[in-house]
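Novice: Just add 93 to wherever you are in the sequence shown, counting from 1, and you've got my numbering.
No residue lacks a Cβ here, since even glycine has one placed at the ideal position from N, Cα and C.
From a predicted model like this one, the values you see are computed outputs, not experimental measurements.
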Amino acid sequence: MDVKGHAAIVTGAASGLGAATARALAEKGAKVALLDLNAEDAGKIADEIGGIAIGCDVTSAESAEEAVQAAHEKHGPARILVSCAGIAPPKRIVGRDGAQPLEAFAAIINVNLIGTFNVMRLVAADMTALDPLETGERGVIINTASIAAMDGQIGQAAYAASKGGIASMTLPAARELARSGVRVLAIAPGIFGTPMLFGLSEEVQKALGESVPFPSRLGDPAEYAALALHMIDNVMLNGEVVRLDGALRMAPQ
Ligand SMILES: NC(=O)c1ccc[n+]([C@@H]2O[C@H](COP(=O)([O-])OP(=O)(O)OC[C@H]3O[C@@H](n4cnc5c(N)ncnc54)[C@H](O)[C@@H]3O)[C@@H](O)[C@H]2O)c1
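Below, the structure is given as structure tokens:
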């Protein structure tokens, strides 16, 4: 699908991979709605790229319904969804203070997995009502998993489970929505240079970059955006989780 002139929704668009994707989509002529909990930062990027920012908590049915509706009213039903909203606080199953509080596990599942599903269900409903394009496509949905779905490290039980859920729902979602010409894909990034990682010390960031076989550095968010744009462009890609990780296989810790 050529993104030009089509409505796109990007969640987690105030920062990191989502912000880079929103920028890349706008550069190619898409009408971009930037959904994020952080409406202020999303607004700054929206102003730069001529998009709209909409405050949204992806964990809330009501908030996501309102946000998708607001995007619909401004740009029309979205043909493109890229879900990047996510959190990754590490926590051991049994830490110094004993068993991990159940709420900590549930919070990550809630944002990453349920939040991704929440937005996908709403945007997919809008997409299926659209007229098909020449290719037969009505829309493309790209969710963000992680290589932690496959190589989760110590402290990543909740994060890996949430990303494994995103990876696992890709094929059933693609199969279900195929009859409507809606493709569903997931990107499983390795280690990217975003605020999610900039919280770590420079030493740790350097070590993480060096752990990547090639290229031995952190991924650039623009590289994530480039894959998202290729997925949108290439109609044969569907129902797949694509690793974007420079051949990194993460060690236990
Ligand atoms: N950076 C990496 O190395 C890496 C690796 C693998 C996967 N990922 C995944 O990529 C996605 C983007 O990560 P990033 O590195 O750009 O992180 P980031 O922290 O820079 O951006 C995440 C964005 O999600 C938003 N967000 C968080 N909770 C939200 C909620 N409940 N509702 C709406 N928005 C919410 C935040 O406000 C933030 O703007 C995440 O799903 C993350 O798990 C990142």
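Using 7 Å as the threshold, is the C-beta distance between residue 237 and residue 177 below it?
Specialist: For the purposes of this step, residue 237 is taken as the residue at position 144 of the sequence shown. For the purposes of this step, residue 177 is taken as the residue at position 84 of the sequence shown. Yes, the pair counts as a contact, with Cβ atoms nearer than the cut-off.
Novice: Go to residue 302, then tell me how far its alpha helix (DSSP H) extends in each direction, as first and last residue.
Specialist: Residue 302 sits at position 209 when you count from the first residue of the sequence shown. Element bounds for residue 302: 295 to 303.
Novice: Which ranges does the alpha helix (DSSP H) cover as unbroken runs of at least 4 residues, wholly within the region 168 to 253, from first to last along the chain?
Specialist: The qualifying runs are 195 to 201, 208 to 221 and 241 to 244.
Novice: Closer than 6 Å to a non-hydrogen atom of ligand 1 - does that hold for the CB of residue 129?
Specialist: Taking the sequence shown and counting its residues from 1, the one referred to as residue 129 is at position 36. For ligand 1, at least one heavy atom lies less than 6 Å from the Cβ of residue 129.
Novice: Residues in its own chain within less than 7 Å of residue 207 by CB, not counting five upstream and five downstream?
Specialist: The residue you call residue 207 lines up with position 114 of the sequence shown. The answer, listed in chain order, is 152.
Novice: Within this structure, are the beta carbons of residue 267 and residue 256 separated by less than 7 Å?
Specialist: Within the sequence shown, the letter at position 174 stands for residue 267. Within the sequence shown, the letter at position 163 stands for residue 256. Cβ distance not < 7 Å, so residue 267 and residue 256 don't count as in contact.
Novice: According to the Cβ coordinates, are residue 235 and residue 175 closer than 7 Å?
Specialist: Within the sequence shown, the letter at position 142 stands for residue 235. Within the sequence shown, the letter at position 82 stands for residue 175. Going by C-beta atoms, residue 235 is nearer than 7 Å to residue 175.
Novice: Under 7 Å Cβ to Cβ from residue 168, same chain only, skipping five residues before and after it: list those, please.
Specialist: In the sequence shown, counting from the first residue as 1, residue 168 sits at position 75. Same-chain partners within the cutoff: 100, 124 and 126.
Novice: Have a look at residue 216 and residue 299 and give me their C-alpha separation to the nearest angstrom.
Specialist: Here residue 216 refers to the residue found at position 123 when the sequence shown is read from its first residue. Here residue 299 refers to the residue found at position 206 when the sequence shown is read from its first residue. If I take the Cα positions, the gap works out to 38 Å.
Novice: Looking at the structure shown, is residue 313 part of a helix, part of a strand, or coil, going by DSSP?
Specialist: Taking the sequence shown and counting its residues from 1, one reaches residue 313 at position 220. In the structure shown, residue 313 sits in coil (DSSP, three-state: anything other than H, G, I, E or B).
Novice: Which residues share a DSSP beta bridge with residue 129?
Specialist: Here residue 129 corresponds to residue number 36 of the sequence shown, with the count starting at 1. BP columns for residue 129 point to 148.
Novice: DSSP has residue 285 in a bridge; who is on the other side?
Specialist: Residue mapping note: residue 285 aligns to position 192 of the sequence shown, counting from 1. Its beta-bridge partners are 312.
Novice: Measure the beta-carbon distance from residue 164 to residue 154 and round it to whole angstroms, keeping in mind my assumption that it falls under 8 Å.
Specialist: As a first step, residue 164 is located in the sequence shown; it is residue number 71 there, counting from the start. As a first step, residue 154 is located in the sequence shown; it is residue number 61 there, counting from the start. Contact doesn't hold; Cβ gap of about 16 Å is too wide.
Novice: Based on DSSP bridge pairs, tell me the residues matched to residue 124.
Specialist: Position 31 of the sequence shown holds residue 124. 100.
Novice: From residue 276 to residue 220, what distance separates their C-alpha atoms?
Specialist: Within the sequence shown, numbered from 1, the residue matching residue 276 stands at position 183. Within the sequence shown, numbered from 1, the residue matching residue 220 stands at position 127. Between residue 276 and residue 220, the C-alpha separation is close to 10 Å.
Novice: Should residue 327 be labelled buried (16 or more other beta-carbon atoms within 10 Å of its own) or exposed?
Specialist: In the sequence shown, the residue the question calls residue 327 occupies position 234. When all chains shown are included, residue 327 counts as exposed.
Novice: Do residue 271 and residue 334 have their CB atoms nearer than 7 Å?
Specialist: In the sequence shown, counting from the first residue as 1, residue 271 sits at position 178. In the sequence shown, counting from the first residue as 1, residue 334 sits at position 241. Contact: no.
Novice: Verify the contact flag: residue 110, CB atom, against every heavy atom of ligand 1, threshold strictly below 6 Å.
Specialist: Locating residue 110 in the sequence shown gives position 17, where the first residue counts as 1. For ligand 1, at least one heavy atom lies less than 6 Å from the Cβ of residue 110.
Novice: Tell me which same chain residues have a C-beta within less than 6 Å of the C-beta of residue 108, skipping the five on either side of it?
Specialist: Start at 1 with the first residue of the sequence shown, and residue 108 comes out as number 15. Around residue 108: 288.
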